[in-house]
Structure formats: structure tokens, C-alpha cells
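Inspection log for the structure reproduced underneath, given as C-alpha cells.
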Amino acid sequence: MRSGRFSLSVTIFWLGIFFLYGPMLMLIIYSFNASRMVQVWAGWSTRWYGELFQDQQLMGAVGRSLQIAFYSASTAVVIGMLASIVMIRFTRFRGRTLFSGMITAPLVMPDVIIGISMLLLFVAMAQSLGWPAQRGMLTIWIAHTTFCVAYSTVVISSRLREMDQSLEEAALDLGATPIKAFFLVTLPVISPAIISAWLLSFTLSLDDVVIASFVTGPGATTLPIEVFSQVKLGVTPKINALATIIIGVVSIVAFSSWLLFRKIDQHNRAAARMAAQG
Amino acid sequence: MALAAGARRQQHEASAEAKKTLLSIEKVTKYFDEDLAVDNVTLEVRQGEIFALLGASGSGKSTLLRMMAGFENPTEGRILLEGEDITHQPPYQRQINMMFQSYALFPHMTVEQNLAFGLKQEKLSKDVIIDRVQRMLKLVHMEKYARRKPHQLSGGQKQRVALARSLAKQPKLLLLDEPMGALDKKLRTEMQLEVVDILENVGVTCVMVTHDQEEAMTMADRIAIMDQGFIQQVGSPVDIYESPNSRMVAEFIGSVNLFDGQIIDDQEDHMTLHTDDLDADIYIGHGVTSGVDERSMLFALRPEKTLMTREKPDGDYNWSSGIVHDIAYLGGHTVYYVRLPQGKIVQCFLANVERRADRPTWDDPVYVHWASDSGVVLRS
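As given, the protein sequences belong to chains A and B, one line each in that order. Using the working numbering, read the first sequence as starting at 1279 and increasing by one per residue. Using the working numbering, read the second sequence as starting at 32 and increasing by one per residue.
So, in C-alpha cells, the structure goes:
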């Protein structure tokens, strides 16, 4: 009975693993397929990796996407931080509840609606103000910043809410002006939240296809849009190769951050032991 | 160490009258929206003393402290430091430093950097800062831990660093917010005396806020009892305990037996009260020379001054019969709960000076009595 239950849980475990990682494994294997046909296995080859790097259009889209993700994440973090400070530190002002509700609204708003409303806005602005004259990277940047602000505000404000407010008061008490207290104490203390908000925004921007496809313009095809349009014409092994590279990069980043956190954790535990011993 | 601190304390008390006022709080009132937090408080803190604001949570003591630090603005009234009006000065311009209840050590800085933070804001030269930091570390015996981060320190060590940081700028006034609040009981008693020692070494004037009466009485030269935003009484620990001026203070500090009585006789050198709770009337060795028409008074008697015997005491006053209702043996002393004929229960502390002495036990008939100068008469 006991061993039966044990093997059942093991089976479920492997089923779960397969469900999560099976497709990725397939993709990685097929990225080394020599055949042009995705479904037909014709032996091992790294040919598609070479072709991938020669595909100017695809590589251009990768660069563009990284650029947009970088700018959107950076802008979103700055705005998100300001919004969090207003929400958490300025306790009483008119319309505070409305403000905090509205800033996080894009979290629950379907991407299609954000995309279409952004498009309408940009079109109307172009007609009345003449700016932005053309949709492109700038408009994608603005659109991505808009929804990334919602995510980064949530992340940063929760850290700021947890932060002991007497730290800031102590800085003021010791003679630092409010601005200095912010840069010398508040910012370093909430920096982990700022980093995670930036990474989250970066990933979301890199990943987005719906909003970007609404507000994009000529010459501003991002990677997801490019992949999406290529796949519509049939999956090419090049896409598999690109996906494999992305999976590799993400795994390396995730693994090294896990290593780093484990090291910090061990360091902290050793320190706590040291403190306990006096 | 305790002895040394005590001796120095006595010197303090002797010269306290001559010391000038450092901080004056003049008719300060603070409202949070509609809620009254501090109610028309006037206080004077003298140069060099340790002054405690003692009260239950919500009594407004912390708000008053935060107004001294500059984190809150009074709705009305003024705060003066050495005669200079600082009511609306921001915290970073006041020569007042605070030790926070949570210590508020900057987690991303080492002990040294924490201590140097305030000095750097003053734009002192590097040598001066290094020198001052070293002196501060030495003062609180933390030289060995200069390069540790706050999370690598124990509770008592954090407190020393917090204290050193608030003293580093050599403030005119030091504020302590529940200084022992985050420590466990045993460490607390140890640190109380050590902190007093350090403060007296430095000679800084200090206002502390606490809800722990033992802490206030151990550390402070003078105590202000706060209740509902209002100062009930200001005085030395002895004044507060032995001569409370109201029922609230008598009940807040220590235990007390209270009797409602009517004045029978009020002379210059004595007075007598009648109460239904006791067999005999109460005789007090002084009069209440106020000429109030109010005849009903409150008699407050501390349990350690309430004596208990098996024999009937002599005299016509200040005793009653009773039955031992309950006994709480606490090691150092035993608390007897004696039920009086009318059903009122009084507490009576007996020091256990003898091991396993023959003492009254449950339901034994006993007598309680006290000296004519043991109790205090309160106008309810």
C-alpha cells in the first residue's frame, strides 16, 4: 500500500515535469534538426543557428525588442517609484484611493483593450498635435511603459509599505534633508524591489505581442511580432534555434541568481550565528 | 555599577534645583484630525536630567516626543530649546537626536557607517569623523563590531549602536522612545543601568518615553505621568509612588488599596475618615487644609505598608479584621488577599525574610493594620 502510493506520487511528479518541460525539450531537439521540414527528423545539425545569425530581419527585431524593453523598464521603474512614494508616504490627500486604484488598473485590463485605446490615442494625437508623426519604437515604448508602471508600482509599493518608516525619520533626525534621506537611506533599502520591478517590466515588455502589434509602425517590428508573423507562414527551424538560445539565456540567469541568493542566505546565516555567539 | 549610578544620581538630585531649564513645552496641544492626542501640556526639562514620560499606550506620550523631535507639528503651543523657539523647525535642523524604538539602524551600512552618518551631514572633516566614531564605539563597548552590519548584531548590541549613533552628534537633548521595548526581560534590567551610566557619563539631557513603570523609576530623575493626552503628575520616582496626587496615578503606579471615606474630623495636625469597609476608622497624621466642602475622600494605602497579624492590633484606629482569601507566593515576597467583613478585598505584601516561616493560610482569621502616616488622602 505504502509503496503503491509512493509510485503513484512519483508518476504524477514525472507527468508534471513532462507537461512543463516536454514541449521545450522537443523544441530544443528540433532546433538541431538538419531538415528544413520541422516535422521530419533528418539527423543532427547546427545549420539553423548559423542561418539565424544571418537573418538580418530577425536579429534586428531582437535588438529592437531588447532596446524597447530596456527603456520601458527603466522609465516604468522611475514612475512606479514616484507613484509608490506618493501612495505610501503621503498618507492623506484627496483622491488617494482613486489614484492607487487607477494606477494598478492595467493589471486587470485585457491587453487588447490597452492596445486599441493606445492606438486610438496616438492616431488622435497625430492628427491634432502632429506628434507622434509616425508610430514606431517611440509609441511602443510609451505603450509598454504604461502597463509596466502598473506592475512596478505594485512591486515597489509593497516593499515601501513594509519598510520601517523610522529609518527615514532617523536620517532626518541625524541632519539629512528629505532629499538626501531618500537617496542615502530609502533608495538603498528598497533597491531589491526596484531591481525585481525592473526585471519584471523588462520581461513583460520583451514578451508583449498584443499591445506592440497595435501601436507599432513601419520598421519597428519587435521580436514577438516577427516570430508571430514568421510562424504564420510555417514554423521554421530558425525560430526553434532562437527559442533555444532564449531558453538557454533565461536558464543561466535564473540559475546564477539562485546561486547568488543561496550564497547570500548562507552568509546571513553565518552572520546570525556569529551574532548569537556575541 | 548600580551603586555608582545611584550615588551619582543623588548628586544630581541635590543640584537639580540649581540647574537651568533646557527644554520648555508651553501649552502644547495636538489634534490628529478630530482626535485629541496631547492636551494643553506644559513641561520643563532641566539641564542634565533624565526625564521620563510614563503612560499607557494611547496616552499621547509618543506624540509629545515626536513633537520634540520635529516629526509632528503642534496644533497649538510652543516648544523652546534653550529659550529658542523650535516649534516649527524641521527635524534635520534641531540639535535634538532620537533613539528609535526599533533602533532604526540603516541596514545597508556597517556599524561605523551608521555612527558616521550624522557627522557626515554636518560636513565635518574626515579625521574628526573617524575620531568621533571611535570614541562612540568605545563609549558603548562596541569597538570589536565596527565593521558588522546591523543584522549581524544581537538585540543588546543593536541598542548600544543606536544609542551611540544618537549621541554621536553631541545633541543638546536626547530622546529615547521605549528604549528597552525590544529587549527581553533579563537583558532589559541589565541595559537600563548601563544606559543610565552612559548617559550620565556623557552628561546629556534626556527625555524618554515608556509604558514600563519599573523602567521609568530605574532610569529617570523625574517622571511625568500621562493619561489621555494630559499630564497627571510630575515628580521624582519617590514623589510619584509615595505621594500620588490622584486616583489614576495611585492605581497606575504599583498596586494600591483604595477606600472611599467620609471626613469625620479635620484638624491642622490630623484627620479621621469613616469608611464602611473597615471595622475601625482611619486616622491620618496630617490635615487636609484646603477647606473644601467635599466631605468624601479617597484613602490610598500601598500593599507593602498594609501589615497583617493574627493578634488584634492595639488602638481605635487603622485596623480591620478579615479572612485570608487568597495567597500568591512570589519568592521574594508573598501577596495576601484579605477579605474584610464587608466583602472588600485588600492586598498586603509580606517580605519573606524567613525561610518557611509559620504564616497564616487560607481562610485564617487575621487583622490588617497600618501606621498613621502610611497612606495618602486623595480627593478622588
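The C-beta atom is built at its ideal place from N, Cα and C for all residues, glycine as well. Computed from a predicted model, the values in this text were never measured in an experiment.
Same chain, Cβ closer than 7 Å to residue i, neighbours up to 5 away in sequence not counted
| i | result |
| --- | --- |
| A/L1462 | A1449 and A1454 |
| B/V72 | I56, V59, L95 and I262 |
| B/Q373 | D307 and D308 |
| A/D1451 | none |
| A/M1279 | Residue placement at A/M1279 is flagged as unreliable, the pLDDT there being 46, under the threshold of 50; the coordinate-derived value follows with that caveat. Nothing meets the Cβ criterion. |
| B/I294 | M302, L304, R326 and M328 |
| B/G101 | Q120, P121, P122 and R125 |
| A/R1557 | Look at the range of chain A in this structure, 1279 to 1556, and you will see that residue 1557 of chain A is not part of it. |
For residue i, the first and last residue of its enclosing alpha helix (DSSP H)
| i | result |
| --- | --- |
| A/W1476 | L1465 to D1485 |
| A/M1396 | D1389 to S1406 |
| A/I1363 | Q1334 to R1367 |
| B/I161 | K157 to L170 |
| B/G186 | G186 to A199 |
| B/R219 | K216 to V233 |
| B/M279 | R278 to F283 |
| A/I1457 | P1456 to A1459 |
| B/Y272 | P268 to E273 |
| A/F1371 | Looking at the DSSP string, A/F1371 is not in any alpha helix (DSSP H), and its letter there is neither H nor E. |
Own chain residues within Cβ distance below 6 Å of residue i, not counting five before or after
| i | result |
| --- | --- |
| B/R370 | G353, I354, H356 and I376 |
| B/Q298 | G318 |
| B/A359 | V366 |
| B/T340 | Y398 |
| B/S351 | L309, D310, L371 and V399 |
| A/T1353 | T1423 |
| A/L1478 | Y1429 |
Cβ neighbours of residue i in the same chain (closer than 8 Å, five flanking residues each side left out)
| i | result |
| --- | --- |
| B/P138 | K180, P181 and H182 |
| B/S267 | E44, D252, R253 and I254 |
| B/Q41 | At B/Q41 the pLDDT is 49, less than 50, meaning the model places this residue with poor confidence; the figure from the coordinates comes in the next sentence. Nothing listed; no residue qualifies. |
Endpoints, beta strand (DSSP E) assigned at residue i
| i | result |
| --- | --- |
| B/I256 | R253 to D258 |
| B/A331 | S327 to L332 |
| B/L381 | I376 to A382 |
| B/N349 | Neither: B/N349 is in no beta strand (DSSP E) and is coded neither H nor E. |
| B/Y367 | H364 to R370 |
| B/K92 | That residue, B/K92, is in no beta strand (DSSP E); its alpha helix (DSSP H) goes K92 to A100. |
| B/S403 | Counting along the chain, B/S403 falls outside any beta strand (DSSP E), and DSSP gives it neither H nor E. |
Classification of residue i by the beta-carbon crowding that lies within 10 angstroms, buried from 16 upward
| i | result |
| --- | --- |
| B/A331 | buried |
| A/G1300 | exposed |
| B/A33 | With a pLDDT of 41 at B/A33, under the threshold of 50, the modelled position of this residue cannot be trusted, and the question is left open. |
| A/G1223 | What the structure shows of chain A is the stretch from 1279 to 1556, and residue 1223 of chain A is not part of that stretch, so it cannot be assessed. |
| A/A1519 | buried |
| B/A87 | exposed |
| B/F148 | buried |
| A/F1368 | exposed |
| A/F1296 | exposed |
| A/P1384 | buried |
| B/E143 | buried |
| A/T1324 | exposed |
| A/W1326 | buried |
| A/A1361 | buried |
| B/L168 | buried |
| A/W1476 | buried |
| B/K200 | buried |
| A/E1447 | buried |
| B/D296 | exposed |
| A/Q1332 | exposed |
| B/P122 | buried |
Below 9 Å between beta carbons is the criterion; list the residues of the region 373-406 of chain B that meet it against any residue of chain A, in chain order. Taken residue by residue, none of the region 373-406 of chain B has a beta-carbon sitting less than 9 Å from a beta-carbon on chain A.
According to a CB-to-CB cut-off of less than 8 Å, which residues of the region 1470-1482 of chain A neighbour chain B? Within the region 1470-1482 of chain A, no residue places its CB atom closer than 8 Å to a CB of chain B.
Below 8 Å, how does it come out for the region 127-137 of chain B and the region 201-211 of chain B: are there three or more Cβ pairs, yes or no? Judged by pairs of C-beta atoms under 8 Å, the region 127-137 of chain B touches the region 201-211 of chain B, as three or more such pairs exist.
Relative to chain A, which residues along the region 128-159 of chain B have a C-beta separation below 7 Å, given in chain order? Cβ contacts with chain A come from N128, M129, F131, S133, A135, F137, P138, H139, F148, G149, Q152 and E153.
Could you name the residues of the region 96-126 of chain B whose beta carbon sits closer than 9 Å to any beta carbon of chain A, in the order they occur along the chain? Within the region 96-126 of chain B, contact with chain A at the beta-carbon level (separation under 9 Å) is assigned to R97, A100, G101, F102, P121, P122, Y123, Q124 and R125.
Using Cβ-Cβ distances below 9 Å, what residues of the region 1449-1461 of chain A are close to chain B? Going along the region 1449-1461 of chain A in chain order, one finds A1449, L1450, D1451, L1452, G1453, A1454, T1455, P1456, K1458 and A1459 with a Cβ nearer than 9 Å to chain B.
Closer than 8 Å is the cut-off here; do at least three beta carbon pairs connect the region 154-168 of chain B with the region 220-240 of chain B? By the C-beta criterion, the region 154-168 of chain B is judged not to be in contact with the region 220-240 of chain B, since fewer than 3 inter-stretch pairs fall below 8 Å.
On the three-pair Cβ rule with 8 Å, is the region 1376-1391 of chain A touching the region 1475-1492 of chain A? Put simply, the region 1376-1391 of chain A touches the region 1475-1492 of chain A. At least three CB pairs are less than 8 Å apart.
Under 8 Å: do the region 1466-1486 of chain A and the region 1415-1433 of chain A share three or more Cβ pairs, one atom per stretch? The region 1466-1486 of chain A, when compared against the region 1415-1433 of chain A, does touch it at the 8 Å Cβ threshold.
Should the region 164-175 of chain B be regarded as contacting the region 1426-1434 of chain A, the criterion being three or more beta carbon pairs within less than 8 Å? No contact exists between the region 164-175 of chain B and the region 1426-1434 of chain A.
Name the residues in the region 199-233 of chain B whose C-beta lies less than 9 Å from a C-beta of chain E; which are they? Among the protein chains in the structure shown, which are A and B, there is no chain E.
Determine which residues of the region 1435-1446 of chain A have a Cβ less than 7 Å from any Cβ of chain B, and write them out in chain order. Under the 7 Å Cβ criterion, the region 1435-1446 of chain A contributes D1442, S1444 and L1445.
Between the region 257-267 of chain B and the region 275-290 of chain B, do at least 3 Cβ pairs fall closer than 8 Å? As far as the Cβ criterion goes, the region 257-267 of chain B touches the region 275-290 of chain B, which means the pair count is three or higher.
Along the region 1524-1552 of chain A, where does the CB come closer than 8 Å to a CB of chain B? Name the residues. Answer in chain order: N1546, A1549, A1550 and M1552.
For the pair the region 1343-1351 of chain A and the region 1538-1546 of chain A, tell me if three or more CB-CB distances fall below 8 Å. Short answer: they don't touch.
Taking one C-beta from the region 1305-1313 of chain A and one from the region 1512-1529 of chain A each time, how about it: are there three or more such pairs within less than 8 Å? Short answer: they touch.
Below 7 Å between beta carbons is the criterion; list the residues of the region 255-266 of chain B that meet it against any residue of chain A, in chain order. Taking 7 Å as the cut-off between beta carbons, none of the residues of the region 255-266 of chain B comes near chain A.
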